[in-house]
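Residue numbers (this note's numbering): 416 to 869.
Using N, Cα and C, we set each Cβ at its ideal position, and we do this for glycine too.
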């Protein structure tokens with residue numbers, strides 16, 4: 416099988432360098448994706464109003480709830496494609512790729528219908544304030560109209576990651592990011608479109624990124640190459656994608672349900688609290704896209720090395736993900752602490768909005784590293800083909816635990832600090848469980864008893 420300069424054989428070579436080379440473009444790709452959304456918020460917060468900022472922020476948890484099942488399936492695409500590549504099985508690789516693209520287009524069309532028709536209904540269920548619900552509804556309807564291209568980008572990128580190519584998705588995001596910022600400014604400042612303008616700019620920029628990804632897939636070598644005439648849902652591939660992807664997606668959906676409950680509780684503090692939490696949350700988002708990048712790295716390296724029977728490299732790759740993630744978390748936390756006021760004024764200069772944002776920082780940031788540990792070990796387990804176990808752990812830790820927290824501890828100690836504390840406490844709980852789960856899972860493979868993670 417011919418391999419391009421963008422692809423990587425994860426079963427051989429210097430792991431420390433390979434993990435870094437693979438993860439860095441993913442980190443920057445994730446940062447650019449957050450920057451897209453941050454650009455939306457900066458433009459509406461600075462050139463429209465704090466109500467517009469709150470309107471966009473109020474949609475985040477609901478949006479992730481609606482798309483998480485298909486995001487889980489894109490993770491499954493990464494896992495299965497990487498395993499097939501490790502096994503050198505070109506035929507099965509091709510089936511997975513074509514099934515995944517077909518699922519992305521069908522799933523995107525389904526999400527577009529749901530989002531356009533039912534956004535306002537769901538936002539009302541979340542007690543979105545009356546002064547922002549019209550703008551929130553408009554933002555979601557436009558954003559979901561572009562969901563087919565969003566899903567195509569996610570599934571297509573998953574195929575490229577499985578093949579070791581994280582550079583080209585990063586380059587494409589740079590292009591679409593520039594377009595996004597230019598269109599944000601044009602639609603909001605020149606056309607006076609506020610939230611509708613930033614939603615439209617996001618959809619157009621995502622369409623550009625998806626188109627470029629698809630162009631790459633049609634020109635790749637080997638089993639990852641995409642042919643329109645082969646676009647088909649293969650039953651066996653779909654079954655595997657569902658087996659791994661649905662539990663992962665369901666986990667994400669449960670995660671979003673708890674986030675919606677917390678968002679509803681934040682909404683009870685008023686639009687300035689929503690805006691402040693939204694602004695702080697954007698900077699926290701930079702951490703989690705980086706953590707997600709190391710999680711995706713763990714998925715791909717575990718998948719390829721499992722297929723290639725290089726079991727020790729699975730453990731070693733996870734170690735390097737933890738080391739690099741730790742360095743990122745420390746550096747990022749220090750920067751946020753030093754420039755906390757300045758980071759929030761990017762979005763809005765209202766003193767009350769800034770006060771709420773700094774309060775969130777104080778609770779969230781000291782323990783954010785545990786969010787990275789959680790993501791890495793969940794990713795490693797998915798790369799090994801375990802889906803149900805991590806899902807159960809995440810549902811318990813990220814959903815049930817937080818819901819219980821809100822209806823018990825937050826109910827009796829009604830403050831924003833107590834509410835936000837539910838996040839880091841749940842990360843610590845999940846991280847401890849997943850570390851021991853990973854160690855137990857690796858014991859079944861050859862020489863696993865000689866592996867030492869700690």
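Of the residues the options, the one placed nearest residue i, counting alpha carbons only
i           : options               : result
residue 840 : 818, 715, 631 and 829 : 818
residue 643 : 520, 830, 685 and 607 : 520
residue 704 : 426, 428 and 447      : 447
residue 522 : 488, 543 and 533      : 488
residue 553 : 612, 503, 505 and 575 : 612
residue 718 : 574, 646 and 527      : 574
residue 816 : 803, 804 and 838      : 838
residue 848 : 860, 858, 811 and 823 : 811
residue 548 : 535, 591 and 742      : 535
residue 482 : 757, 631 and 524      : 524
residue 701 : 744, 724, 726 and 725 : 744
residue 581 : 631, 542 and 845      : 631
residue 697 : 679, 607 and 758      : 758
residue 373 : 607, 724 and 526      : Outside the shown range of the chain, which is 416 to 869, sits residue 373, and nothing can be said about it.
residue 501 : 579, 640, 546 and 439 : 579
residue 591 : 602, 625 and 604      : 625
residue 589 : 439, 443, 739 and 842 : 443
Beta-carbon proximity of residue i to residue j, cut-off 8 Å
i           : j           : result
residue 577 : residue 497 : yes
residue 430 : residue 731 : yes
residue 710 : residue 656 : no
residue 722 : residue 499 : yes
residue 715 : residue 437 : yes
residue 663 : residue 806 : yes
residue 529 : residue 560 : no
residue 835 : residue 761 : no
residue 677 : residue 821 : yes
residue 794 : residue 742 : no
residue 788 : residue 737 : yes
residue 679 : residue 541 : yes
Same chain, Cβ closer than 7 Å to residue i, five either side skipped, listed in chain order
i           : result
residue 735 : 430, 431 and 434
residue 856 : 796, 799 and 801
residue 572 : 584 and 628
residue 544 : 682 and 686
residue 511 : 492, 495, 496, 499 and 652
residue 445 : 704, 705, 707 and 708
residue 556 : 530, 531 and 534
residue 755 : 773 and 776
Own chain partners of residue i with C-beta closer than 8 Å, once the 5 adjacent residues on each side are dropped
i           : result
residue 684 : 771 and 831
residue 728 : 425, 426, 430, 716 and 720
residue 416 : Here residue 416 scores only 41 on pLDDT, less than 50, and its place in the model should not be relied on; the value that follows carries that caveat. Within the same chain, residue 416 has close Cβ partners 503, 505, 636, 637 and 638.
residue 569 : 485, 486, 489 and 519
residue 606 : 612
Own chain partners of residue i with C-beta closer than 6 Å, once the 5 adjacent residues on each side are dropped
i           : result
residue 826 : none
residue 691 : 768, 771 and 772
residue 648 : 514 and 517
residue 659 : 491, 494 and 802
residue 860 : 726
residue 852 : none
residue 418 : In this predicted model, residue 418 has a pLDDT of only 48, less than 50, meaning its place in the structure is not dependable; the value taken from the coordinates is given anyway. Result list for residue 418: empty, nothing under 6 Å.
residue 428 : none
residue 608 : 602
Near the ligand SAH: residue i beta-carbon under 7 Å from a heavy atom
i           : result
residue 690 : Judged by which ligands are present, the structure shown has none, so any question about the ligand SAH falls away.
*asked:* Taking 8 Å as the cut-off, does the stretch 557 to 567 touch the stretch 619 to 626 (at least 3 CB pairs, one atom from each stretch)?
replied: yes
*Segment contact flag, the stretch 768 to 784 with the stretch 744 to 752, C-beta cutoff 8 Å, min 3 pairs*: yes
*asked:* Across the stretch 828 to 842 and the stretch 767 to 779, are there enough close Cβ pairs to call them in contact, namely three or more that are closer than 8 Å?
replied: Between the stretch 828 to 842 and the stretch 767 to 779 there are three or more C-beta pairs closer than 8 Å, enough to call the two in contact.
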